[in-house]
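Asks: Numbering-wise, the working numbering comes out as the position in the sequence shown, counting from 1, plus 136. The C-beta atom is built at its ideal place from N, Cα and C for all residues, glycine as well.
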Amino acid sequence: SVFVTGSNSTLLSGELASLLTGRTVEFEIMPFSFLEMKEYFEKNNRRFSDDSIYDYIKWGGFPMRFDFNREADIRRYLITLYDGIIQKDIVKKNSRFDKKTFVEISLYILANAGHEFSVENVINYYKSNTKKTITRQTINNYLDKMQKAYLVHAVKKFNISGKSALKANEKYYAVDMGLRIINTNTINFEDTFFLENIIYNELLMRGYTVFTGKTYKGEVDFVAIQNGKKCFIQVSYLLASQSTIEREFSAFAPISDASPKYVLSLDKIDMSRDGIAHINIVDFLLRRRDLVLS
Numbered sequence: 137s138v139f140v141t142g143s144n145s146t147l148l149s150g151e152l153a154s155l156l157t158g159r160t161v162e163f164e165i166m167p168f169s170f171l172e173m174k175e176y177f178e179k180n181n182r183r184f185s186d187d188s189i190y191d192y193i194k195w196g197g198f199p200m201r202f203d204f205n206r207e208a209d210i211r212r213y214l215i216t217l218y219d220g221i222i223q224k225d226i227v228k229k230n231s232r233f234d235k236k237t238f239v240e241i242s243l244y245i246l247a248n249a250g251h252e253f254s255v256e257n258v259i260n261y262y263k264s265n266t267k268k269t270i271t272r273q274t275i276n277n278y279l280d281k282m283q284k285a286y287l288v289h290a291v292k293k294f295n296i297s298g299k300s301a302l303k304a305n306e307k308y309y310a311v312d313m314g315l316r317i318i319n320t321n322t323i324n325f326e327d328t329f330f331l332e333n334i335i336y337n338e339l340l341m342r343g344y345t346v347f348t349g350k351t352y353k354g355e356v357d358f359v360a361i362q363n364g365k366k367c368f369i370q371v372s373y374l375l376a377s378q379s380t381i382e383r384e385f386s387a388f389a390p391i392s393d394a395s396p397k398y399v400l401s402l403d404k405i406d407m408s409r410d411g412i413a414h415i416n417i418v419d420f421l422l423r424r425r426d427l428v429l430s
């Protein structure tokens, strides 16, 4: 067997693709999951607990980052990694490419991963920070390059009542949490979008096809589909107030589909109700509890 590795989606393209057609099996290798982080720590006699989730939320799962203990060194490594991806997989292949603008736009998109995407918001952000303009075409081009370089995944919206995918890409999630932190000195662990990003990546690793869900009254965070079966998922940091509980559980109210429905949060007390299962996020990531689809 011969193994060919690469860091972008264009590895098997052009002449190489023609030569290898029908002779290859492709594997997409992602950064460490939280479970793989646990296994790595145990193998190397390093302390690991359920609270290690906060380290994972902040710094992600790129394996080499675990070689560093000081936060300054981890950040320096992640910045170097990010810059290397841009230089090798994007700039090198585009001689007239504006690296400075791409970096500014891509860091903004990574920092806002999980939020509903709007080209207009990116245009306004860039204009307010640089006093310059940027076209929709350029932003869409940057997004395409970010996906091909495995910086982000695009997530389509699923019309739950119509049971079909909508055409537009509504959200983008970072391939690893470490890419979200390199341009900021602080992190708000209560920001649910960080946990959404982790759950999205975990679902991909487990072989699910994942959408965001659209209902006639709003949305649910994820529709996870595998082998023709599905479930619906809401993600929250903590169900710390009655209003938060109502918001997360009532998101499923417009859904007549009988497929299983889950609320995932960091709460350690089982808060399942009304036929909707609650799962602790750490338990889910460490496979102590799993999803059931129908």
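(1) Figure out for me which residue from T345, Q223, D403 and D225 has the closest Cα to the Cα of F294.
(2) Just tell me which of Q283, K228 and T237 has its CA closest to the CA of I270.
(3) Verify whether the separation of the beta carbon atoms of K307 and T348 is less than 8 Å.
(4) Along the chain, where does the beta strand (DSSP E) that runs through D357 open and close?
(5) Can you give me the Cβ contacts of R272 inside the same chain, cut-off strictly under 8 Å, excluding the 5 residues immediately before and after it?
(6) Answer yes or no: do G197 and D312 have a C-beta to C-beta separation smaller than 8 Å?
(7) Can you round the beta-carbon distance between L400 and I415 to whole angstroms, since I take them to be within the 8 Å contact cut?
(8) Distance, Cα to Cα, D225 vs S392?
(9) So, are the CB atoms of K194 and I335 less than 8 Å apart?
(10) I need the straight-line Cα distance from V291 to A310, nearest angstrom please.
(11) Determine the direct distance from the alpha carbon of K366 to that of T141, and round the result to whole angstroms.
(12) Taking the alpha-carbon of D403 as reference, which of L375, F420 and A394 has the nearest alpha-carbon?
(13) Could you check the C-alpha separation between E338 and S386 for me, to the nearest Å?
(14) May I have the straight-line CA-CA distance separating S379 from K353, to the nearest angstrom?
(15) In the DSSP output, which residue or residues are listed as bridge partners for R409?
(16) Pick helix, strand or coil for V239, following the three-state DSSP scheme.
(17) Take the Cβ of V428 as the centre, count every other Cβ of all protein chains shown within 10 Å, and call the residue buried at 16 or more, exposed below.
(18) If you measure between the beta carbons of N333 and G250, is that distance less than 8 Å?
(19) With DSSP as the reference, identify every bridge partner of K366, one or two as the case may be.
(20) Ignoring anything shorter than 3 residues, give me the beta strand (DSSP E) runs that lie fully in the segment 290-331, in order along the chain.
(21) Which residue spans inside the segment 173-246 form an unbroken alpha helix (DSSP H) run of at least 4?
(22) Which partner residues does L375 have in the DSSP bridge list?
(23) Need the endpoints of the beta strand (DSSP E) that Y352 sits in, please.
(24) Which residues mark the beginning and the end of the beta strand (DSSP E) in which Y398 is found?
(25) Determine the burial state of Y398: buried for a count of at least 16 other Cβ atoms within 10 Å of its Cβ, exposed for fewer.
(26) Mind checking who F347 pairs with in its DSSP beta bridge?
(27) Should Q223 be labelled buried (16 or more other beta-carbon atoms within 10 Å of its own) or exposed?
(28) For P199, count neighbouring Cβ atoms within 10 angstroms of its own Cβ and tell me buried if that reaches 16, exposed if not.
(29) Please state the DSSP three-state secondary structure of V161.
Replies: Inspection of the coordinates gives the following:
(1) On the sequence shown, residue 294 is found 158 positions in, with the first residue counted as 1. Closest option to F294, Cα to Cα, is T345.
(2) Looking up residue 270 in the sequence shown gives position 134. Comparing Cα positions, the closest option is T237.
(3) The count along the sequence shown starts at 1 and reaches residue 307 at position 171. The count along the sequence shown starts at 1 and reaches residue 348 at position 212. Yes, the Cβ-Cβ distance between K307 and T348 is below 8 Å.
(4) Position 221 of the sequence shown holds residue 357. That run of the beta strand (DSSP E) goes E355 to Q362.
(5) Translated into positions along the sequence shown, residue 272 becomes position 136. Cβ within range, chain order: V255 and I259.
(6) Looking up residue 197 in the sequence shown gives position 61. Looking up residue 312 in the sequence shown gives position 176. It is a contact, given that the beta carbons lie within the stated cut-off.
(7) Residue mapping note: residue 400 aligns to position 264 of the sequence shown, counting from 1. Residue mapping note: residue 415 aligns to position 279 of the sequence shown, counting from 1. That belief holds up - the Cβ atoms of L400 and I415 are roughly 5 Å apart, short of 8 Å.
(8) For the purposes of this step, residue 225 is taken as the residue at position 89 of the sequence shown. For the purposes of this step, residue 392 is taken as the residue at position 256 of the sequence shown. So the two alpha carbons sit approximately 45 Å from each other.
(9) Translated into the one-based positions of the sequence shown, residue 194 becomes position 58. Translated into the one-based positions of the sequence shown, residue 335 becomes position 199. No; because the gap between Cβ atoms is not below 8 Å, this pair is not in contact.
(10) In the sequence shown, counting from the first residue as 1, residue 291 sits at position 155. In the sequence shown, counting from the first residue as 1, residue 310 sits at position 174. Distance between the alpha carbons of V291 and A310 is about 11 Å.
(11) Counting from 1 along the sequence shown, the entry for residue 141 is found at position 5. Counting from 1 along the sequence shown, the entry for residue 366 is found at position 230. When rounded, the distance between both Cα atoms is 32 Å.
(12) Here residue 403 refers to the residue found at position 267 when the sequence shown is read from its first residue. Minimum Cα distance to D403 is reached at L375.
(13) By one-based count along the sequence shown, residue 338 stands at place 202. By one-based count along the sequence shown, residue 386 stands at place 250. Going by the C-alpha atoms only, they are around 24 Å apart.
(14) As a working mapping, residue 379 is identified with position 243 in the sequence shown. As a working mapping, residue 353 is identified with position 217 in the sequence shown. S379 and K353: Cα-Cα distance of roughly 17 Å.
(15) Residue mapping note: residue 409 aligns to position 273 of the sequence shown, counting from 1. Answer is I412.
(16) Sequence index remark: in the sequence shown, residue 239 carries index 103 (1-based). Three-state DSSP puts V239 in a helix.
(17) For this step, residue 428 is matched to residue 292 along the sequence shown. It counts as exposed.
(18) On the sequence shown, residue 333 is found 197 positions in, with the first residue counted as 1. On the sequence shown, residue 250 is found 114 positions in, with the first residue counted as 1. Yes.
(19) As a first step, residue 366 is located in the sequence shown; it is residue number 230 there, counting from the start. Looking at the DSSP assignment, K366 forms a beta bridge with I361.
(20) 300-310
(21) 189-195 and 207-225
(22) Start at 1 with the first residue of the sequence shown, and residue 375 comes out as number 239. L375 is not bridged to any residue.
(23) Walking along the sequence shown from the start, residue 352 turns up at place 216. Looking at the DSSP string, Y352 is not in any beta strand (DSSP E), and its letter there is neither H nor E.
(24) For the purposes of this step, residue 398 is taken as residue 262 along the sequence shown, with counting starting at 1. Element bounds for Y398: K397 to S401.
(25) Residue mapping note: residue 398 aligns to position 262 of the sequence shown, counting from 1. Buried, since its Cβ has 16 or more Cβ neighbours within 10 Å.
(26) Counting from 1 along the sequence shown, the entry for residue 347 is found at position 211. Paired residue(s): V359.
(27) Translated into positions along the sequence shown, residue 223 becomes position 87. Q223 is exposed by the Cβ-count criterion.
(28) What you label residue 199 is simply residue 63 of the sequence shown in a count that begins at 1. It is exposed - the Cβ of P199 has fewer than 16 other Cβ atoms within 10 Å.
(29) For this step, residue 161 is matched to residue 25 along the sequence shown. The answer is coil: DSSP assigns V161 none of H, G, I, E or B.
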